[in-house]
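Colleague: Shown below is the structure under consideration.
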Amino acid sequence: MISSYKRGWYSENKIKSLYGFLSFLLVLSGAVSFCNVYIPRESPLHVEIFTITLLGKYLCLAILALSIDIVWGYCGILSLGHGAFFALGGYAMGMHLMLQIGDRGVYGHPTLPDFMVFLNWSELPWFWVGFDSFWFALFCSALLPGVLAFVFGWLAFRSRVTGVYFSIITQALTYALMLAFFRNEMGFGGNNGLTDFKDILGFDLQSDAVRVSLFLCTAMTLSVAYYLCFLLMESKFGRVVLAIRDSEERVRFLGYQTEIYKVAVFVFSAILAGIAGALYVPQVGIINPGEFAPLNSIEAVIWVAVGGRGVLYGAVIGAVLVNFAKTRFTALFPEEWLFVLGALFVLVTIFLPRGLIGLAGDRPSNSGETSRREF
Amino acid sequence: MRRGPPELLKPLLKFESIKNDHFPYVDVSHSVGLYVEGLTVTFDGFRALDGFNLYVDDGELRCLIGANGAGKTTLMDVITGRTKPDSGEVYFGQNINLIGKTETEIAQLGIARKFQNPTVFEHQTVLSNLELALHGKRGIFDTLVGDFSSDDLDRINEVLAIIGLKDRIKSPAGSLSHGQKQWLEIGMLLSANPRLLLVDEPAAGMTRGEAERTAELLKDLAGDRTIIVIEHDMEFIRSIANKVTVMHQGQMLAEGSMTEIKKNPSVLEVYLGEEY
Chain A
1 MISSYKRGWY SENKIKSLYG FLSFLLVLSG AVSFCNVYIP RESPLHVEIF
51 TITLLGKYLC LAILALSIDI VWGYCGILSL GHGAFFALGG YAMGMHLMLQ
101 IGDRGVYGHP TLPDFMVFLN WSELPWFWVG FDSFWFALFC SALLPGVLAF
151 VFGWLAFRSR VTGVYFSIIT QALTYALMLA FFRNEMGFGG NNGLTDFKDI
201 LGFDLQSDAV RVSLFLCTAM TLSVAYYLCF LLMESKFGRV VLAIRDSEER
251 VRFLGYQTEI YKVAVFVFSA ILAGIAGALY VPQVGIINPG EFAPLNSIEA
301 VIWVAVGGRG VLYGAVIGAV LVNFAKTRFT ALFPEEWLFV LGALFVLVTI
351 FLPRGLIGLA GDRPSNSGET SRREF
Chain B
1 MRRGPPELLK PLLKFESIKN DHFPYVDVSH SVGLYVEGLT VTFDGFRALD
51 GFNLYVDDGE LRCLIGANGA GKTTLMDVIT GRTKPDSGEV YFGQNINLIG
101 KTETEIAQLG IARKFQNPTV FEHQTVLSNL ELALHGKRGI FDTLVGDFSS
151 DDLDRINEVL AIIGLKDRIK SPAGSLSHGQ KQWLEIGMLL SANPRLLLVD
201 EPAAGMTRGE AERTAELLKD LAGDRTIIVI EHDMEFIRSI ANKVTVMHQG
251 QMLAEGSMTE IKKNPSVLEV YLGEEY
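As you go down the protein sequences, you meet chains A and B in turn. Counting along the first sequence from 1, when you hit position 190 you're at 190 in our numbering, and nothing is skipped either side. Counting along the second sequence from 1, when you hit position 91 you're at 91 in our numbering, and nothing is skipped either side.
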């Protein structure tokens with residue numbers, strides 16, 4: 001006899017793994033920051049600021065992986081264009097940082113960024129207006145990917161574009177955006193993108209304190225995003241989404257308008273990706289059209305596959321581990337990384353269909369048994 | 001043959017709270033449950049349905065039989081909005097035109113369908129399968145903040161008792177046996193509490209005893225709901241139907257009680273003749 005919804009639903013294990021993951025993440029990032037700030041440089045326990053920034057970057061990419069896991073692992077939509085939402089969020093933040101440079105640019109123009117002066121533009125284009133406000137830029141870094149995902153998702157899902165066709169048009173989307181952003185006339189710095197940032201909210205971006213703060217912000221954002229994804233996927237909404245993944249037609253016959261659910265998940269995911277991009281740009285110091293490259297989006301999908309899709313921490317673990325491997329590997333053999341990545345994907349698909357977390361014998365949170373699904 | 005639901009089921013079938021009025025917009029004042037006229041569906045020149053007519057009274061339990069390719073499943077596809085017909089009319093009650101509506105809209109009108117193969121959500125628990133089917137609002141905000149009401153809980157508990165899966169509520173549906181999946185799907189129909197039920201081969205894969213229970217259940221549900229059953233199992237049909245429609249090559253071949261059907265010469269020739 002079930003007497004209460006919640007009691008019938010959340011299993012102790014899920015709650016435990018949620019809090020376990022969040023405390024692990026926050027304690028670890030707190031400890032790493034502490035080791036950087038308070039432990040003297042001579043001590044072996046000291047963590048270099050370089051490492052902190054690198055970790056911050058990984059955590060941004062983990063948010064991106066989380067957003068892909070939501071649409072792919074939970075809703076069965078394989079998006080190969082999530083890099084576009086990430087890059088759009090990044091550009092929104094980049095525009096703000098660009099305007100913060102003020103007259104410290106090479107040309108010393110009081111309001112215009114260097115590349116606009118170079119292009120002989122006399123005033124800021126209309127779409128740059130407002131980006132001198134940090135909060136407006138942050139808002140846009142969530143809004144723009146959200147709006148794009150809404151329009152794109154609505155058109156695609158309403159026409160019942162699914163499976164590999166959807167994946168291909170998402171690739172086309174990110175490729176088209178890449179070509180557009182490469183053009184100087186677009187007003188986003190063209191080939192060079194946006195860079196040479198000086199400060200954020202009045203603090204020097206190069207200072208260690210700001211870098212540690214950005215890292216901690218990223219860790220907290222990841223925690224909040226993780227918690228939101230957990231709530232979403234443990235609600236009835238999440239169960240409808242899982243049902244859509246497994247048999248969309250059946251869900252339609254139950255009276256759910258599946259395309260609306262898919263659009264909602266897609267938009268939520270795009271917003272997460274956009275925020276990840278906004279956190280990424282101040283930490284790496286540059287955003288250029290290369291971020292829109294189709295390859296980036298595919299790589300992000302591989303992180304999720306390697307970590308384990310359909311499980312939130314699988315995505316996070318996959319993103320961190322694969323990027324760590326990438327950092328190491330590209331330092332040693334820069335040319336071979338893509339082969340390694342490809343091989344990794346093939347091996348994981350064949351031998352670990354549930355990803356690395358499958359090794360731990362942990363079942364995907366809502367699956368009974370593994371089954372072969374069409375992407 | 002026993003009449004009425006078995007004693008065991010009687011106290012459990014308390015659906016008085018939601019009877020004929022739970023889909024108030026369906027006008028059944030002239031006791032029309034479903035009205036299908038001149039329905040034609042062609043697939044690449046093949047006429048799956050060819051000017052098919054079907055009139056089902058409100059509250060009736062109707063059986064559809066016919067050989068493979070007779071158009072039974074196509075008919076269900078048209079009624080549920082999955083297939084668009086070339087011509088013809090389909091009315092739910094006497095006021096709701098189903099042609100041109102989407103699967104979702106039709107489902108929300110209170111038309112539920114049980115598929116030939118049990119299609120439950122294998123990766124989700126029994127409870128969550130029932131929850132997804134539960135009669136109620138279907139919007140994203142409803143499901144984001146929604147919770148079981150006490151009526152919902154009563155209903156789910158009733159359904160669980162009927163389908164006999166009470167101790168399996170937290171098991172993934174994929175771990176159930178074939179027969180249990182059939183029952184789970186029937187349970188999903190019950191929790192959706194539809195006005196019109198389309199049931200495709202409910203007894204497939206069930207033991208004789210289970211099939212009998214299913215037959216009793218369907219008989220008990222009819223009256224408040226209109227039910228259309230597709231079935232090949234003649235024993236099963238004999239145990240539930242007072243009226244049978246025989247389909248052949250997309251047309252209605254004969255209609256009447258089982259005894260009448262069995263005497264009908266054209267039926268004997270094209271359908272029963274092959275099996276008997």
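Don't be surprised by glycine CBs; every beta carbon is placed ideally from N, CA and C.
#1: Would you say A/A243 faces chain B, with C-beta separation under 9 angstroms as the test?
#2: Please report the distance separating the alpha-carbon of A/S17 from that of A/D208.
#3: Would you say B/M252 reaches chain A, if we count a Cβ-Cβ gap shorter than 9 angstroms as a contact?
#4: In the DSSP output, which residue or residues are listed as bridge partners for B/T104?
#5: Closer than 9 angstroms, CB to CB, is B/F98 near chain A or not?
#6: With B/N157 as the anchor, note down where its alpha helix (DSSP H) starts and where it stops.
#7: What residue range does the beta strand (DSSP E) around B/E235 cover?
#8: Cutting at 8 angstroms between CB atoms, please list the residues of its own chain near B/M247, excluding the five before and the five after it.
#9: Using a beta-carbon distance below 9 angstroms, is B/T83 in contact with chain A?
#10: Work out the CA separation of A/W303 and A/F339 for me, nearest whole Å.
#11: Among residues of its own chain, excluding the 5 on either side of A/G81, which ones have a beta-carbon nearer than 7 angstroms to its beta-carbon?
#12: If you measure from the beta carbon of B/S128 to each beta carbon in chain A, is any gap under 9 angstroms?
#13: Please return the same chain residues whose Cβ sits closer than 6 angstroms to the Cβ of A/A243, not counting the five positions on each side in sequence.
#14: Give the DSSP-derived three-state secondary structure of A/Y226 in the structure shown.
#15: Tell whether a beta-carbon distance below 9 angstroms holds between B/V126 and B/I169.
#16: Is A/A87 near A/I287, with beta carbons less than 9 angstroms apart?
#17: Do we get a CB-CB distance below 9 angstroms when we pair A/R211 with the residues of chain B?
#18: So B/A112 is in the alpha helix (DSSP H); what residue range does that whole segment cover?
#19: For B/G51, which three-state DSSP category applies?
#20: On the DSSP letters alone, give me the boundaries of the alpha helix (DSSP H) that A/V32 sits inside.
#21: Any idea if A/W128 is buried or exposed, counting beta-carbon neighbours within 10 angstroms, 16 or more meaning buried?
#22: State yes or no: is the C-beta of B/L98 within less than 9 angstroms of the C-beta of B/V26?
#23: If the cut-off is 8 angstroms on Cβ atoms, which residues from the stretch 276-310 of chain A count as contacting chain B, listed in chain order?
#24: Sorted by chain position, which residues of the same chain lie with C-beta nearer than 8 angstroms to A/L45's C-beta, five sequence neighbours on each side aside?
#25: Applying a beta-carbon distance threshold of less than 9 angstroms, which residues of chain B neighbour A/D246?
#26: Keeping to the same chain, check which residues put their C-beta closer than 7 angstroms to that of B/E201; ignore five residues upstream and five downstream.
#27: Roughly how many angstroms separate the alpha carbons of A/D114 and A/G318, rounded to a whole number?
#28: Using a Cβ-Cβ distance cut-off of 9 angstroms, determine whether A/K376 contacts chain B.
#29: Strictly below 8 angstroms CB to CB, what residues from chain A border B/Q108?
#30: Got a sec: is the Cβ-Cβ distance from B/T279 to anything in chain A below 9 angstroms?
#31: Comparing the C-beta of A/S133 with each C-beta of chain B, is any distance below 9 angstroms?
#32: For A/R354, tell me which candidate among A/N323, A/D204, A/A331, A/Y313 has the shortest Cα-Cα distance.
#33: Relative to the alpha-carbon of B/N129, which residue among B/L54, B/Q182, B/A215, B/K101 has its alpha-carbon at the smallest distance?
#34: Residues of chain B with CB closer than 7 angstroms to the CB of A/Y261, please, in chain order.
#35: Determine, for B/R113, whether the minimum Cβ-Cβ distance to residues of chain A falls below 9 angstroms.
#36: Could you have a look at B/H248 and say whether DSSP puts it in helix, strand or coil?
Modeller: In this structure, then:
#1: Yes, A/A243 lies at the interface with chain B (some Cβ there is under 9 angstroms from its Cβ).
#2: Straight-line spacing of the CA atoms in A/S17 and A/D208 works out to 33 angstroms.
#3: No, because no Cβ of chain A sits closer than 9 angstroms to the Cβ of B/M252.
#4: None; B/T104 has no bridge partner.
#5: Here residue 98 of chain B is Leu; the residue named in the question, Phe, does not match the sequence. The beta-carbon of B/L98 is placed no less than 9 angstroms from the nearest beta-carbon of chain A.
#6: Looking at the DSSP string, the run of the alpha helix (DSSP H) that includes B/N157 is 150-163.
#7: From DSSP, B/E235 is part of no beta strand (DSSP E) but of the alpha helix (DSSP H) over 234-240.
#8: Once the five neighbours on either side are set aside, the close Cβ partners of B/M247 are F52, L64, I65, G66, A70, G71, K72, L75, L253.
#9: Closer than 9 angstroms: no.
#10: Between A/F339 and A/W303, the C-alpha separation is close to 15 angstroms.
#11: Excluding sequence neighbours, A/G81 sits near T170, Q171, L173, T174, S297.
#12: B/S128 belongs to the set of residues whose beta carbon lies under 9 angstroms from a beta carbon in chain A.
#13: Closer than 6 angstroms at the Cβ level, and outside the excluded window around A/A243, lie V251.
#14: If DSSP states are grouped into helix, strand and coil, A/Y226 belongs with the helices.
#15: B/I169 is positioned such that its CB atom lies closer than 9 angstroms to that of B/V126.
#16: Yes, these two residues count as a Cβ contact at 9 angstroms.
#17: It does not: the Cβ of A/R211 has no partner Cβ on chain B nearer than 9 angstroms.
#18: Segment 111-114 is the beta strand (DSSP E) holding B/A112; no alpha helix (DSSP H) there.
#19: If DSSP states are grouped into helix, strand and coil, B/G51 belongs with the strands.
#20: A/V32 -> alpha helix (DSSP H) spans 12-37.
#21: That one is buried.
#22: Pairing B/L98 with B/V26 gives a Cβ-Cβ distance that is not under 9 angstroms.
#23: Cβ contacts with chain B: none found.
#24: Cβ neighbours of A/L45 within its own chain (closer than 8 angstroms, five residues either side excluded): C35, I39.
#25: Ordered by position in chain B, the residues that pass the 9 angstroms Cβ test against A/D246 are F121, E122, H123, Q124.
#26: Non-local C-beta neighbours of B/E201 in its own chain, meaning closer than 7 angstroms and more than five positions away in sequence, comprise Q116, I230, E231, H232, ordered along the chain.
#27: Cα-Cα distance, rounded: 38 angstroms.
#28: Residue coverage of chain A in this structure runs from 1 to 375, which leaves residue 376 of chain A outside it and unanswerable.
#29: Neighbours of B/Q108 on chain A, chain order: G255.
#30: Any question about residue 279 of chain B goes unanswered here, given that chain B covers just 1 to 276.
#31: A/S133 does not count as touching chain B.
#32: Of the candidates A/N323, A/D204, A/A331, A/Y313, the residue whose Cα lies closest to the Cα of A/R354 is A/Y313.
#33: Closest option to B/N129, Cα to Cα, is B/Q182.
#34: Within 7 angstroms Cβ-Cβ: I140.
#35: At a cut-off of 9 angstroms between beta carbons, B/R113 contacts chain A.
#36: For B/H248, the secondary structure class from DSSP, reduced to helix, strand or coil, is strand.
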